[in-house]
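S.K.: Here's a structure for you.
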Amino acid sequence: TTSITYSSSTGATKGVTYNCVNRGITVHAVQVPTDTDSSATYKLVIAAVSGASDTIGSIAGTSAVSVASSASTVRHAFVFPTPVALTVGTRYAFLLVRTDGTATAVCRASLTNGSGFSSSNLELVSYALYSSNNPVVTDNTRGGTGSIMTMTIDYTIT
């Protein structure tokens, strides 16, 4: 079996930023292994970001809030009620947000030693981390450094 390493640093929001390249895509769901704390609740936010601090310009989509997985080997699926269209030439932050507790609560996202999710349509840019349990426009998402969060993005090409 492969052991899973979870983030232990403070900050209720962690994620990854990507440039949408080559072709536009529509995101249907994002799968992320979360911690085994069954009292923790999470949502997945996709936000258009720009600038050196990856400042949120708009929220493209938000999943429903749900309870963390009780088994560390299970990927937690965050399904978007309305699929999220991503446009070529725009940078997006995929943000796992811990919604219970405070903005500095630990978001126990699964980390990878590799390059994270990759595809010919999403180009990895950076790690995202900041203290917020409700991302909004004008938030700077690049508030820290660290490992890339493990995720699988389910999408179709538009």
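Residue numbers (the working numbering): 22 to 179. From the three backbone atoms N, C-alpha and C, an ideal C-beta is built for every residue, glycine too.
CB alanine 126 to CB alanine 33, shorter than 7 Å?
M.R.: Going by C-beta atoms, alanine 126 is nearer than 7 Å to alanine 33.
S.K.: Helix, strand or coil for alanine 61 per DSSP?
M.R.: coil
S.K.: Kindly indicate which three-state DSSP category aspartate 160 falls into: helix, strand or coil?
M.R.: coil
S.K.: Helix, strand or coil: which one does DSSP assign to arginine 44?
M.R.: coil
S.K.: On the DSSP letters alone, give me the boundaries of the beta strand (DSSP E) that arginine 112 sits inside.
M.R.: 112-119
S.K.: Alpha carbon to alpha carbon, how far is leucine 116 from alanine 81?
M.R.: 11 Å
S.K.: Would you check if the distance between the CB atom of alanine 50 and the CB atom of aspartate 121 is smaller than 7 Å?
M.R.: no
S.K.: For serine 87 and threonine 171, what's the separation of their Cα atoms in angstroms?
M.R.: 18 Å
S.K.: Cα-Cα, which of Ile77, Val109, Thr55, Asp160 is closest to threonine 173?
M.R.: Selected option, being the one with the closest Cα: Thr55.
S.K.: Using a Cβ-Cβ cut-off of 8 Å (strictly less than) and excluding sequence neighbours within five positions of serine 29, which residues of its own chain qualify?
M.R.: Result list for serine 29: Val127, Arg129, in chain order.
S.K.: Just the Cα atoms here: how many angstroms apart are serine 168 and leucine 107?
M.R.: 24 Å
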